[in-house]
Structures are given as C-alpha cells and as structure tokens.
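Worksheet for the structure shown next.
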Amino acid sequence: MFRLFENLVDPFAPHDGATPPARVWPYLKSHFGNFGRWMWWMAATGVAVALIETGLIFYTGRIVDLMDVTPADTFWRTHGLELFAAALFVLLLRPLVIVLNHLFLEQTLAGNMQDQVRWRAHKHMLGQSMGFFQNDFAGRLSNRVMQLGPAVEDSTYMAFEGIWYSITYVVAAIVILGQVNPWLALPLVIWLGLYIAYTRTVALRVAAASEKWSDARSLVTGRVVDAYAN
51 MFRLFENLVD PFAPHDGATP PARVWPYLKS HFGNFGRWMW WMAATGVAVA
101 LIETGLIFYT GRIVDLMDVT PADTFWRTHG LELFAAALFV LLLRPLVIVL
151 NHLFLEQTLA GNMQDQVRWR AHKHMLGQSM GFFQNDFAGR LSNRVMQLGP
201 AVEDSTYMAF EGIWYSITYV VAAIVILGQV NPWLALPLVI WLGLYIAYTR
251 TVALRVAAAS EKWSDARSLV TGRVVDAYAN
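Counting from 1 along the sequence shown, just add 50 to a position and that's the residue number in this note's numbering.
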C-alpha cells in the first residue's frame with residue numbers, strides 16, 4: 051500500500067532543465083508540476099480531517115443537549131440509531147480519512163519531493179562551467195544541493211499539514227461559535243489576528259537567522275570537504 055502511494059509521482063521524471071527561478075514562490079511552484087493532481091487530494095483530505103475534528107466538538111455539544119432534554123429511560127430507544135451511526139463514523143470513516151491524508155502527505159509528497167528537488171539541482175549543477183566550480187567550495191555547493199530538498203519539502207508539507215489544516219479548523223470553529231452566539235466568535239477572531247501578527251514577526255526573524263545559519267554551515271562544510279580533498 052505504501053509503495054502504491056510512493057509510485058504516484060516519479061521524482062526523476064524528465065523536465066525542461068531551465069534555470070530555476072530566483073524568487074521563492076516561483077521556485078517552489080516549479081517543483082509542483084508532477085504533484086499537481088495529487089495536491090488536490092492532499093488539500094481535500096486535509097479539509098475533511100479538519101472538518102471532522104471540528105464537527106466532533108459540535109456533536110459532543112449535541113449529545114449533551116440530547117441528554118438534557120431526553121428522559122434517561124427512553125434515551126437509547128430514541129437516539130440509539132443516531133449514536134450507533136456516529137460511533138461507526140468515528141471508528142471507521144474518521145481513521146480512514148486521516149490515514150488517507152497522511153499517506154498522500156508522507157508517502158506521495160514527502161517521500162518524493164526531496165528526491166526531485168535534489169535531482170534537479172544536481173543536474174543543474176552539472177551544467178555549470180569549470181570556472182563556476184573553481185570559484186567556490188565543492189563541499190559548499192554539495193551542501194546547498196542537499197539542503198534544498200528538505201527545505202522545499204518542509205515548506206510544502208507545512209502548507210498542507212499546518213496552514214491549510216489550521217485555516218479550515220479555525221474558520222469552522224468561528225462558524226460554529228457564531229451560530230450559537232456571534233459574541234462567542236469574537237474572542238477567537240481577536241486571538242487569530244494577534245496570532246497572525248506574532249507569527250509573521252517571529253517568522254521574519256527566524257528566516258533571517260536560518261539564512262545566516264545555512265550560509266555558515268555551507269561554508270564550514272565546504273572548507274572541511276576541500277581540506278580533506280586537498
């Protein structure tokens with residue numbers, strides 16, 4: 051089963067070999083071609099998981115309401131079929147959707163994206179002139195090639211696993227709370243705005259620090275490798 055999802059994408063498929071874009075988003079987008087139709091499944095299953103988890107919270111409240119208005123001696127006779135259907139949903143359908151989502155993310159995306167990025171970067175490096183390699187450390191260049199794979203894969207993975215899931219979850223929570231009472235949704239909206247502002251501030255600092263760390267690591271790796279080679 052795992053191999054089935056891994057083989058949905060060929061990370062070594064031929065591509066045009068054009069110079070990679072210099073900006074982040076166009077560069078990421080250039081690697082999405084092979085994954086295009088499967089990304090729709092990743093997005094759909096991610097939304098389904100978030101909606102199911104949010105719906106369980108809502109349904110828990112419904113069970114409490116049913117217990118409050120239904121006499122204990124007639125509760126199972128009145129709502130037994132509904133509760134049985136809900137139990138089947140939680141025990142069978144929910145795990146199936148979660149497993150399907152993770153199979154697409156872990157096996158199809160994460161299992162192939164790193165290899166594709168590294169392979170294309172390696173082929174691009176092989177097309178450079180002799181002077182290009184003479185003006186830089188071979189170890190630093192190889193380290194950059196190896197770092198590209200996890201960077202692109204992590205960014206794409208988190209877009210589905212973190213950002214997409216969180217947006218769906220928060221929006222669904224706001225809708226549910228708003229249906230009960232609009233004022234209940236207000237604290238969540240305020241928290242969301244503050245959280246986005248805080249995350250953006252921290253992300254900018256982390257991005258700058260990560261870039262410096264990556265440059266330093268590549269430089270040290272390059273010098274160590276060249277020292278051994280010479």
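Glycine included, every Cβ here is placed at the ideal spot set by N, Cα and C. Source: prediction; values computed, not measured.
Pairwise C-alpha distance: residue j and residue i
i: glycine 189; j: tryptophan 263; result: 16 Å
i: glycine 161; j: glutamate 56; result: 7 Å
i: phenylalanine 182; j: leucine 176; result: 10 Å
i: histidine 174; j: phenylalanine 82; result: 18 Å
i: valine 147; j: glutamate 103; result: 11 Å
i: arginine 282; j: glycine 67; result: The chain is shown only over 51 to 280; residue 282 falls outside these bounds and no answer can be derived.
i: isoleucine 246; j: aspartate 276; result: 44 Å
i: aspartate 283; j: phenylalanine 154; result: Examination of residue 283 is not possible in this model, given that the chain is present from 51 through 280 alone.
i: alanine 222; j: alanine 72; result: 37 Å
i: tyrosine 77; j: threonine 206; result: 12 Å
i: threonine 95; j: leucine 141; result: 17 Å
i: isoleucine 213; j: asparagine 193; result: 28 Å
i: arginine 170; j: valine 274; result: 25 Å
i: alanine 235; j: isoleucine 224; result: 5 Å
i: isoleucine 167; j: aspartate 265; result: According to the sequence provided, residue 167 is valine. The question's isoleucine does not apply to it. The straight-line gap from Cα to Cα measures roughly 19 Å.
i: histidine 172; j: leucine 198; result: 10 Å
i: valine 256; j: leucine 191; result: 23 Å
i: phenylalanine 134; j: proline 121; result: 19 Å
i: leucine 131; j: alanine 137; result: 10 Å
i: valine 99; j: phenylalanine 125; result: 30 Å
i: asparagine 151; j: methionine 92; result: 6 Å
i: leucine 58; j: tryptophan 88; result: 8 Å
i: tryptophan 241; j: isoleucine 113; result: 28 Å
i: valine 230; j: tryptophan 75; result: 40 Å
Three-state secondary structure (DSSP) of residue i
i: phenylalanine 187; result: coil
i: alanine 68; result: coil
i: valine 149; result: helix
i: phenylalanine 55; result: helix
i: phenylalanine 62; result: coil
i: glutamine 157; result: helix
i: glutamine 178; result: coil
Pick from the options that is closest to residue i, judged by C-alpha positions
i: asparagine 84; options: Thr158, Phe210 and Val220; result: Thr158
i: phenylalanine 139; options: Leu106, Val230 and Ser179; result: Leu106
i: tyrosine 215; options: Leu198, Leu101, Thr249 and Ala63; result: Leu101
i: serine 260; options: Leu242, Ala201, Ala279 and Leu227; result: Ala201
i: threonine 69; options: Gln178, Ala137 and Met92; result: Gln178
i: aspartate 204; options: Gln164, Asp186, Val252 and Arg250; result: Gln164
i: aspartate 186; options: Val270, Leu227 and Tyr219; result: Val270
i: glutamate 156; options: Glu211, Phe108, Ile113 and Tyr219; result: Glu211
i: serine 268; options: Met196, Val252 and Ala258; result: Met196
i: valine 239; options: Leu54, Leu227 and Asp115; result: Leu227
- Which runs of the alpha helix (DSSP H), 4 residues or longer, sit entirely within the region 71 to 126? Counting only runs of 4 or more, we get 74 to 80 and 86 to 119.
- Message: For a minimum of 4 consecutive residues, which ranges assigned as the alpha helix (DSSP H) are wholly contained in the region 192 to 272?
- Response: Correct list: 215 to 230.
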